[in-house]
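Using the numbering used here, the letters of the sequence shown map in sequence onto residues 733 to 1321.
C-beta: ideal position from N, C-alpha, C; glycine also.
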Amino acid sequence: MCGINGFSWDDDSLIRKMNKILAYRGPDDTGIYSEKDMSLGHNRLSIIDLSDAGHQPMCNEDRTVWLVFNGEIYNHREIRPILKKKGHKFQSHTDSEVIIHSYEEYGTGCLERFNGMFAFALWDSKKKMLFLARDRIGVKPLYYHFDGKNIIFSSEIKAILRHEIVREISKDALNSFLTYRFIPGPSTILQGIRKLLPAHYLIFRDGRISLKRYWSLSWKPDYKSQKELETEVENLLSDSVRMRLESDVPLGAYLSGGLDSSLIVALNAKLRKDSIKTFTVGFGHESDEFAHAHKVAHYIGTEHREVIVDYNEMTRELPHIVWLMDEPSSDITMMPMYFLSKFSKRYVTVVNTGEGADETFSGYHHYKIGAESFRFVPDSIRKGIYRWYYSPFKSKERKRMLGFKAAEDRALASQLSKHGDLLSNILHFEIENELPNWQLARVDRMTMANAIEARVPFLDYRLVELSAKIPSCMKQRGLSGKHILKKIASKYLPKSIVQRKKQGFTTPREEWIRRDLHDLAEQMLSRENITSRGLFKQEYVASLIDNAKTMRKDLPFRPVSYKILMLVMLETWFRTYLDHDGAKPVRFQ
733 MCGINGFSWD
743 DDSLIRKMNK
753 ILAYRGPDDT
763 GIYSEKDMSL
773 GHNRLSIIDL
783 SDAGHQPMCN
793 EDRTVWLVFN
803 GEIYNHREIR
813 PILKKKGHKF
823 QSHTDSEVII
833 HSYEEYGTGC
843 LERFNGMFAF
853 ALWDSKKKML
863 FLARDRIGVK
873 PLYYHFDGKN
883 IIFSSEIKAI
893 LRHEIVREIS
903 KDALNSFLTY
913 RFIPGPSTIL
923 QGIRKLLPAH
933 YLIFRDGRIS
943 LKRYWSLSWK
953 PDYKSQKELE
963 TEVENLLSDS
973 VRMRLESDVP
983 LGAYLSGGLD
993 SSLIVALNAK
1003 LRKDSIKTFT
1013 VGFGHESDEF
1023 AHAHKVAHYI
1033 GTEHREVIVD
1043 YNEMTRELPH
1053 IVWLMDEPSS
1063 DITMMPMYFL
1073 SKFSKRYVTV
1083 VNTGEGADET
1093 FSGYHHYKIG
1103 AESFRFVPDS
1113 IRKGIYRWYY
1123 SPFKSKERKR
1133 MLGFKAAEDR
1143 ALASQLSKHG
1153 DLLSNILHFE
1163 IENELPNWQL
1173 ARVDRMTMAN
1183 AIEARVPFLD
1193 YRLVELSAKI
1203 PSCMKQRGLS
1213 GKHILKKIAS
1223 KYLPKSIVQR
1233 KKQGFTTPRE
1243 EWIRRDLHDL
1253 AEQMLSRENI
1263 TSRGLFKQEY
1273 VASLIDNAKT
1283 MRKDLPFRPV
1293 SYKILMLVML
1303 ETWFRTYLDH
1313 DGAKPVRFQ
């Protein structure tokens, strides 16, 4: 995995600055290519073929096609012999070179042949054409800015900001953030900077861009027997894990002790000859996963390690993590992934994780509540109800809060009535929106900040396609989700793990908020700061803080505290990327 950068003009100084700010994504090697109409930059985290033959930017034999690539093509070993038979000659054993020769053979149609997580830029110097592409699910990020004539792109926004771009907040994106807790693509928090959507590619040529989708999910149910579907899911999941075990550097897995990560670890162990290294993070309180993770590790026989993080360390690292995330974050749930990756880097460079199982196989509590509660509600009302259920700041509250008028984002809510039954619509919404814009963005930033490559076997596109065809009645039984996964897991794991109540890596959010948040809020959300920003009404923010003060400190997590947390995270982002240039984190007083 790596960091990629580029733009449609020649500027050696700028491409080096972009590479430098993303050096943590690829500490093993760095490279640039430039000509009059294109500059490309790359930071390499070596995973496959550690030799110099894997250096990027990489080119074909006659140096007319140049590539910078972030991610993995898991089926590159299957594609390579096909290309060799067609006369293509390889200089390395990398999957990067497979992309180049696949493009030469199939053009943009090469994307349909790849199974992987990827974001890449390919410059065809003969055609004077830039080809940007992103994987089907959006595991790897790719951002760009197009000014009507030139384009600049990168794995992260902070690198694009090394160029002199006007930093103007998108008020509609800010409203979406307060509505959904993330900013749906292709928008970002900054006007003019866009996300390339998952399963899309972009062509830049002659000063113009065009975008095209190359893959989409079908939610038409396949009414096979449950036994047949269980077998198909198990076979595909096993093959997905097998593909994600290839590595020329040490590989491990993150283990929370829940169903998803435990099943991935069990399949890892089944398919490997040597013992697997597993890692768990905890915060020294009663909801830690140590006991459950240790039980799974002992049962499977892994080489298990644990790391404990204290509250002071969380507060110290918060500005750094906000900087790493690039866009505003609504919570501190990315912290476990950050500290776990920082610790596990001592032992491994690649990890398999359990992300994606909830969105594909119906695991979250709100899926169950939504599907049961809203199934008899008409579509026209259902959209508004689900958006209300999902949103931390309800519509009326945002009107009282915002110092500007923002358009309601009805496009996302309309997805809740596109695919038949409600559960399918909810899962479609999550896969298209929350997964790439929050969950996977969090995984990418927190692992890559520590030069760790995270792989997500549950999000192999073949498995996602299959899960979309499984009838909702087989995904969920009453209020119990992931029905088929539990059936499969029962072959590999003890019943106490399979039937355990869902709980991923936990964050002591409530305790941290009681200890540190309110003091931070009073400093950062002062009357002067809120007034100078001009985005929120100061009276509303002050009332939130006053309400929090009057509540008992020993109560469980409160919605008002979550709202304050979101505003503190926003203010930290503003200070990092608006008050300063975003070249490094700010520090709290």
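Extent of the continuous alpha helix (DSSP H) to which residue i belongs
i, result
"residue 1306", "1291-1306"
"residue 890", "889-892"
"residue 1279", "1270-1282"
"residue 1157", "1154-1161"
"residue 1215", "1215-1221"
"residue 720", "What is shown of the chain runs 733 to 1321, which leaves residue 720 out entirely."
"residue 761", "Here residue 761 belongs to no alpha helix (DSSP H); instead the beta strand (DSSP E) covers 761-767."
"residue 883", "Counting along the chain, residue 883 falls outside any alpha helix (DSSP H), though it belongs to the beta strand (DSSP E) covering 883-886."
"residue 906", "903-912"
"residue 876", "Here residue 876 belongs to no alpha helix (DSSP H); instead the beta strand (DSSP E) covers 875-878."
"residue 1253", "1250-1256"
"residue 1001", "991-1003"
First through last residue of the beta strand (DSSP E) which encompasses residue i
i, result
"residue 854", "848-856"
"residue 1011", "1009-1014"
"residue 734", "734-739"
"residue 933", "932-937"
"residue 862", "861-866"
"residue 942", "940-945"
"residue 926", "925-927"
"residue 983", "983-986"
6 Å CB neighbourhood of residue i in its chain, flanking five on each side removed
i, result
"residue 1073", "1178, 1179, 1182 and 1184"
"residue 1307", "1318"
"residue 857", "796"
"residue 1055", "1308 and 1317"
Cβ distance (whole Å) where residue i is taken to contact residue j below 8 Å
i, j, result
"residue 790", "residue 958", "That belief does not hold up - the Cβ atoms of residue 790 and residue 958 are roughly 46 Å apart, past 8 Å."
"residue 867", "residue 880", "That belief does not hold up - the Cβ atoms of residue 867 and residue 880 are roughly 28 Å apart, past 8 Å."
"residue 984", "residue 1028", "Not really, about 14 Å apart at Cβ, beyond 8 Å."
"residue 1201", "residue 954", "4 Å"
"residue 852", "residue 736", "7 Å"
"residue 1223", "residue 1093", "Contact flag wrong, Cβ pair sits at about 16 Å."
"residue 962", "residue 1219", "5 Å"
"residue 871", "residue 1191", "6 Å"
"residue 786", "residue 775", "The Cβ separation is near 13 Å, so there is no contact."
"residue 929", "residue 918", "5 Å"
"residue 675", "residue 1314", "Absent from the structure is residue 675, since the part of the chain shown begins at 733 and ends at 1321."
"residue 1275", "residue 1245", "The Cβ separation is near 18 Å, so there is no contact."
Cβ neighbours of residue i in the same chain (closer than 7 Å, five flanking residues each side left out)
i, result
"residue 1319", "1051"
"residue 894", "746, 749, 750 and 753"
"residue 1060", "909, 921, 1301, 1302 and 1305"
"residue 793", "821"
"residue 1277", "1253, 1254, 1257 and 1296"
"residue 742", "766, 767, 768 and 771"
"residue 1026", "1036"
Close-in-space but distant-in-sequence residues of the same chain around residue i (CB under 8 Å, 5 per side omitted)
i, result
"residue 1311", "1318"
"residue 812", "822 and 830"
"residue 899", "893, 922, 1309 and 1310"
"residue 949", "1160, 1163, 1196, 1197 and 1200"
"residue 1221", "991, 994, 995, 998, 1229 and 1230"
"residue 968", "1192, 1194, 1195 and 1198"
"residue 1270", "1259, 1262 and 1263"
"residue 818", "837"
Cβ-heavy atom distance, residue i to the ligand SAM, below 7 Å
i, result
"residue 756", "Absence of the ligand SAM from the depicted structure is noted, as is the absence of any ligand whatsoever, leaving it without description."
Alpha helix (DSSP H) runs contained entirely in the segment 1020-1103, provided each spans 4 or more residues: 1022-1032, 1043-1057, 1067-1076 and 1089-1093
Cβ contact (3+ pairs, closer than 8 Å) linking the segment 920-927 and the segment 775-794: no
The segment 1083-1095 contacting the segment 1175-1187, beta-carbon criterion three pairs below 8 Å: yes
Sequence ranges, beta strand (DSSP E) only - wholly within the segment 775-806, length at least 3: 797-805
Contact between the segment 764-773 and the segment 745-752 (3+ Cβ pairs under 8 Å): yes
Meets three-Cβ-pair contact criterion under 8 Å: the segment 879-893 and the segment 1125-1136: no
The segment 1300-1317 in contact with the segment 1251-1268 per 3-pair CB rule at 8 Å: yes
Three or more C-beta pairs below 8 Å linking the segment 1029-1037 and the segment 1005-1013: yes
Given 8 Å, three or more beta-carbon pairs between the segment 857-865 and the segment 810-828: no
Stretch-stretch touch, CB-based, cutoff 8 Å, three pairs: the segment 894-905 with the segment 785-804: no
Unbroken stretches of the alpha helix (DSSP H), 4 residues or longer, contained in the segment 1164-1211: 1172-1180, 1193-1201 and 1204-1207
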